[in-house]
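Worksheet: one structure, shown below.
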Amino acid sequence: MGFSESKGAGGITLVEVDGQLIIGNRQELKDLVQAALERGERRLLIDFSKTGYIDSSGLGALVSISKRIREAGGELRLSGLNEDLRSLFELTKLDTLFAINETPEQALASF
Amino acid sequence: MTSPLRFCVRRSSALERGATTLVTLRLPSDVGCIEEAVELVTRHCLAGQHATETIRFRLRVVLSEAISNAIIRGNAEDHTKWVDVRVELVPEVIRVYVTDEGPGFDPAAIPEPISPEQLDEARGRGLYLIRKLVDAVHFNEQGNSICMTLRRS
Chain A
-9 MGFSESKGAG GITLVEVDGQ LIIGNRQELK DLVQAALERG ERRLLIDFSK
41 TGYIDSSGLG ALVSISKRIR EAGGELRLSG LNEDLRSLFE LTKLDTLFAI
91 NETPEQALAS F
Chain B
6 MTSPLRFCVR RSSALERGAT TLVTLRLPSD VGCIEEAVEL VTRHCLAGQH
56 ATETIRFRLR VVLSEAISNA IIRGNAEDHT KWVDVRVELV PEVIRVYVTD
106 EGPGFDPAAI PEPISPEQLD EARGRGLYLI RKLVDAVHFN EQGNSICMTL
156 RRS
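Just so you know, the protein sequences line up as chains A and B, in that order. Residues in the first sequence are numbered consecutively from -9, following the numbering used here. Residues in the second sequence are numbered consecutively from 6, following the numbering used here.
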């Protein structure tokens, strides 16, 4: 359970969410992205291939993260959402707010 | 460490409102307890039952959102206040009640989070998700208790 950060192709920051993104750990993800922005990173991919659940607080954290990256002139993409998680994005219309790819490889190639 | 959750399962043919199983849980107003509470209630509600993955996912989401709302909005994370979860398993439906000790709220006053002006807001999606994922939602008059009904099929 947790977040792991690495460098993908082209210097893109890849954050993998292992387990859940919920009210109990959303701040950790926000802090991690903030630190990346302060280091000058501007292209970020958050991958959910190993994520079982995102609650509404987690969705809200992603909205905040998206705003911060946009304001910094950066780009955020999401990938690896399973069918259930995808349905949460669709129900809340957040699929219209985020750039979403099926796989991290596709996302990395789309920056 | 002892869990602060107070959990009870009753299986009987003589429960209220046609329920065959009653699951109750009392938890403190601590967001750190939500995950354990949701896991415990979901597991016991669906144990030995025919339940699709869709029902399992929906039950988990709505429990999590309702408990989260009760702790944060209802009880304002006051650790001296409790949240009560009561699940009635009826042959056709699952009825979930989540009650807090707060003053209550007017659910009609909550804006739709999918409107263009709300979409960029970080908060306010919990109740909307609940309404979308269950078959019926009711509140008590005070507005501090939600009843969510899911059809099993």
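Every residue, glycine too, gets a C-beta built ideally from N, C-alpha and C.
{"Asked": "Which bits of chain A does V36 of chain B rub up against, with CB to CB less than 8 Å?", "Found": "I13 and G14"}
{"Asked": "Grouping DSSP H, G and I as helix and E and B as strand, with all else coil, what is L124 of chain B?", "Found": "coil"}
{"Asked": "I'd like to check one pair, R11 of chain B with L27 of chain B: are the Cβ atoms closer than 9 Å?", "Found": "no"}
{"Asked": "Distance, Cα to Cα, G94 of chain A vs D105 of chain B?", "Found": "According to the sequence displayed, residue 94 of chain A carries Pro and not Gly. Cα to Cα, P94 of chain A sits roughly 41 Å from D105 of chain B."}
{"Asked": "Evaluate contact between the stretch 63 to 74 of chain B and the stretch 116 to 126 of chain B, counting only Cβ atoms and requiring at least three cross-stretch pairs below 8 Å.", "Found": "no"}
{"Asked": "Given this structure, state the Cα-to-Cα distance separating S73 of chain B from R76 of chain A, to the nearest angstrom.", "Found": "21 Å"}
{"Asked": "Rounded to whole angstroms, what's the CA-CA distance from L78 of chain A to D85 of chain A? Just pull it up for me.", "Found": "9 Å"}
{"Asked": "When you check each C-beta in the stretch -9 to 25 of chain A against every C-beta of chain B, which residues fall closer than 9 Å?", "Found": "Q10, I12, I13 and G14"}
{"Asked": "Taking its Cβ as the centre, do 16 or more other Cβ atoms sit within 10 Å of K10 of chain A, making it buried, or is it exposed?", "Found": "The residue asked about is misnamed: residue 10 of chain A is Gln in this sequence, not Lys. Buried, by the Cβ-count rule."}
{"Asked": "Between the alpha carbons of I76 of chain B and G48 of chain A, how many angstroms are there, rounded?", "Found": "16 Å"}
{"Asked": "Please report whether the beta-carbon of A89 of chain A lies at a distance below 9 Å from any beta-carbon of chain B.", "Found": "no"}
{"Asked": "Between the stretch 87 to 101 of chain A and the stretch 139 to 154 of chain B, do three or more beta carbon pairs fall short of 8 Å?", "Found": "no"}
{"Asked": "Given that a residue counts as buried once 16 or more other Cβ atoms are within 10 Å of its Cβ, and exposed if not, what is N80 of chain B?", "Found": "buried"}
{"Asked": "Sorted by chain position, which residues of the same chain lie with C-beta nearer than 6 Å to R32 of chain A's C-beta, five sequence neighbours on each side aside?", "Found": "G64"}
{"Asked": "Using a Cβ-Cβ distance cut-off of 9 Å, determine whether K40 of chain A contacts chain B.", "Found": "no"}
{"Asked": "Straight-line CA distance for T85 of chain B to R128 of chain B?", "Found": "25 Å"}
{"Asked": "Restricting to Cα atoms, I'd like to know which of A:R58, A:I13 and A:N72 is closest to L66 of chain A.", "Found": "A:R58"}
{"Asked": "Would R16 of chain A be called buried (16 or more neighbouring beta carbons within 10 Å of its own) or exposed?", "Found": "buried"}
{"Asked": "Residues of the stretch 30 to 56 of chain A with a CB closer than 8 Å to any CB of chain B: list them in chain order, please.", "Found": "Y43, D45, S46, S47, L49, G50, A51, V53 and S54"}
{"Asked": "Using beta carbons (cut-off 9 Å, strictly below), is L78 of chain A in contact with chain B?", "Found": "yes"}
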